[in-house]
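These protein sequence lines are chains A and B, in that order.
The opening position of the first sequence corresponds to residue 627 in the numbering used here, with each subsequent residue numbered one higher.
The opening position of the second sequence corresponds to residue 232 in the numbering used here, with each subsequent residue numbered one higher.
All C-beta atoms, glycine included, are put in the ideal place defined by N, C-alpha and C.
Beneath this line is the structure, given in structure tokens, with notes to follow.
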Amino acid sequence: MSAASFTTVGIARGARRSLAVALGLAPFGLVVGVLAAGKGLSLAETGLMSGLVFAGASQILALDLWTHPAPVLAASFAAFAVNLRMALMGPALAPWLERLAGWRLWGNLFLLVDHGFALAIAEGRKGERDGGFLFGAGLALWLAWLACSLAGHLLGAALHPPRGHPLFFAALAAFVSLLVPLWRGRHDALPWLVAAAVALPVAHWAPHGAWHVVAAALAGGLVGAFRETRRVRE
Amino acid sequence: MIEASNLAAILGMAAATLACRAGGYFLFRALRPTPFLRAMLGYVPGALFVGYVAPALAAGGIKEWVGAAATLIAVRLSGNIPLGIAVGTLSAWLVWLAR
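Printed below as a string of structure tokens:
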């Protein structure tokens, strides 16, 4: 049994490998910053959110729903619903994490994010097992995320776009663009239709909070899972 | 400057997100997710974003529809999500300027 591997060489290697991916985060970070400025969040609040939450889609969704005073429950619920997918990433990274403890384990769990996860899975297939690699990749992405959302806030505060300005369309564009890689094939059609059919009336009758998003996720997930497990049994 | 309710919402989001990140690791190491739960978690992300996009497009106008179509086409052709966001936002902007 090999000892827990977590080297500084690994950290540097991970940080270097994630640089290209970090560039791809830039538009998301800018959208978060512009949205935050548009909703009246300060630069410090924007930095605090990006630093502590570090999950773009959930931040965009929560900021879109932001009101004054802040919707504490709706924002937390939105973050939970959007980031639930991360619950499956940790177990998949068990070969990297199970020999780590303390800040090395918790640091990696805190920095767990889609891009770093994808990179780790790809490198893991080539034999990479250094926990430092995962940490370095996550840390570089975190720094890039923080820098881009702060830059977005400065941009938003400088331009001061009015409500309905097409710059805010970037938030919707971010989610529309995510639908393309999320489409796995025709078996997604029914759950997606159900999700839309549930979201429309819920958004109409309960416009405050993220309830239409949560309802759609649950309805689509249940329909997909029911059909899939029934097909397996037959 | 940090306002109290903003701070509470940010901390709530941070706690919820860490619960997903760390909770999943510790929970699913102790007990294996059932096939139903695993399948459901596979469908949740797509359904969730459809749930966000559908009402936004229904409430939107030409600017949103053109922007969304341009985003979809750009990502489909290039496979590049950031590029799709940029192309879609730019298209929505052009429609907004033209009106």
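(request) Indicate whether Trp692 (chain A) and Leu669 (chain A) have their beta-carbon atoms separated by less than 9 Å. (result) no
(request) Classify Ala748 (chain A) as buried or exposed, calling it buried when 16 or more other Cβ atoms lie within 10 Å of its own Cβ. (result) exposed
(message) Can you give me the C-alpha to C-alpha distance between Ser775 (chain A) and Ser676 (chain A), rounded to a whole angstrom?
(response) Distance between the alpha carbons of Ser775 (chain A) and Ser676 (chain A): 7 Å.
(message) On the CB-based measure, 16 or more other CB atoms within 10 Å of its CB, does Met712 (chain A) come out buried or exposed?
(response) buried
(message) Using only CA atoms, which one of A:Leu710, A:Arg853, A:Ala815, A:Trp732 lies nearest to Ala683 (chain A)?
(response) A:Leu710
(message) In whole angstroms, give me the CA-to-CA distance for Val635 (chain A) and Gly758 (chain A).
(response) 8 Å
(message) Could you compute how far the alpha carbon of Ala799 (chain A) sits from the alpha carbon of Asp756 (chain A)?
(response) 36 Å
(message) Tell me the DSSP secondary structure of Ile233 (chain B) in three-state form.
(response) coil
(message) Rounded to the nearest angstrom, what separates Gly291 (chain B) and Glu860 (chain A) at their Cα positions?
(response) 43 Å
(message) Among A:Ala638, A:His786, A:Pro787, A:Gly764, whose alpha-carbon lies nearest the alpha-carbon of Ala681 (chain A)?
(response) A:Gly764
(request) Would you mind working out which of B:Thr320, B:Gly273, B:Ala245 sits nearest Glu854 (chain A), comparing C-alpha positions? (result) B:Gly273
(request) Taking all protein chains shown into account, decide if Met715 (chain A) is buried (16 or more other Cβ within 10 angstroms of its Cβ) or exposed. (result) Met715 (chain A) counts as buried, since no fewer than 16 other beta carbons sit within 10 angstroms of its beta carbon.
(request) With DSSP as the reference, label Val658 (chain A) as helix, strand or coil. (result) helix
(request) Return helix, strand or coil for Val739 (chain A), following the three-state DSSP convention. (result) coil
(message) Would Pro792 (chain A) and Val660 (chain A) be called neighbours here (beta carbons separated by less than 9 Å)?
(response) no
(request) Could you tell me the boundaries of the alpha helix (DSSP H) in which Phe680 (chain A) lies? (result) Unbroken run through Phe680 (chain A): none, as it is neither H nor E.
(request) Compare the C-beta of Ala329 (chain B) against all C-beta atoms of chain A and say whether one is closer than 9 Å. (result) Chain A, which has no Cβ nearer than 9 Å to the Cβ of Ala329 (chain B), makes this no.
(message) With a threshold of 8 Å on Cβ separation, who are the neighbours of Leu651 (chain A) within its own chain once the five nearest residues in sequence on each side are excluded?
(response) Gly682, His741, Leu767, Ala770, Trp771, Cys774
(request) Could you list which residues in chain A have their beta carbon closer than 7 Å to that of Trp324 (chain B), in chain order? (result) By Cβ distance, chain A contributes Pro792.
(message) Assuming Met712 (chain A) is part of the alpha helix (DSSP H), what are its boundary residues?
(response) Per DSSP, Met712 (chain A) belongs to no alpha helix (DSSP H) and is neither H nor E.
(message) Please report the straight-line C-alpha distance between Thr633 (chain A) and Leu325 (chain B), rounded to a whole angstrom.
(response) 50 Å
(message) Suppose you measure from the CA of Met627 (chain A) to the CA of Leu726 (chain A); what does that come to, to the nearest Å?
(response) Note that Met627 (chain A) scores 38 on pLDDT, short of 50, meaning its location in the model is unreliable and no value can be drawn from it.
(request) Below 9 Å between beta carbons is the criterion; list the residues of the segment 307-321 of chain B that meet it against any residue of chain A, in chain order. (result) Arg307, Gly310, Asn311, Ile312, Pro313, Leu314, Gly315, Ile316, Ala317, Val318, Gly319, Thr320, Leu321
(request) Out of A:Ala718, A:Arg642, A:Phe743, A:Ile686, state which residue places its alpha-carbon closest to the alpha-carbon of Arg263 (chain B). (result) A:Ala718
(request) Answer yes or no: does any C-beta atom of chain A fall closer than 9 Å to that of Ile233 (chain B)? (result) Flagged as an interface residue toward chain A: Ile233 (chain B), by a C-beta distance shorter than 9 Å.
(message) Using a 10 Å radius around the Cβ and a threshold of 16 neighbouring Cβ atoms, would you call Arg643 (chain A) buried or exposed?
(response) buried
(message) Rounded to whole angstroms, what is the Cα-Cα separation between Val284 (chain B) and Ser631 (chain A)?
(response) 43 Å
(request) In the DSSP assignment, find the unbroken alpha helix (DSSP H) run with Gly764 (chain A) in it and report its ends. (result) Start and end: 757-785.
(request) Tell me whether the beta-carbon of Trp847 (chain A) lies closer than 9 Å to the beta-carbon of Val824 (chain A). (result) First, the residue type needs correcting, since residue 847 (chain A) is Gly and not Trp in the sequence shown. Against a cut-off of 9 Å, the Cβ pair of Val824 (chain A) and Gly847 (chain A) comes out as no contact.
(request) Anything in chain B within Cβ reach of Ala661 (chain A), meaning under 7 Å, just list it in chain order. (result) The amino acid at residue 661 (chain A) is misidentified as Ala; the sequence shows Leu. Result: empty, since nearest Cβ-Cβ is about 12 Å, beyond 7 Å.
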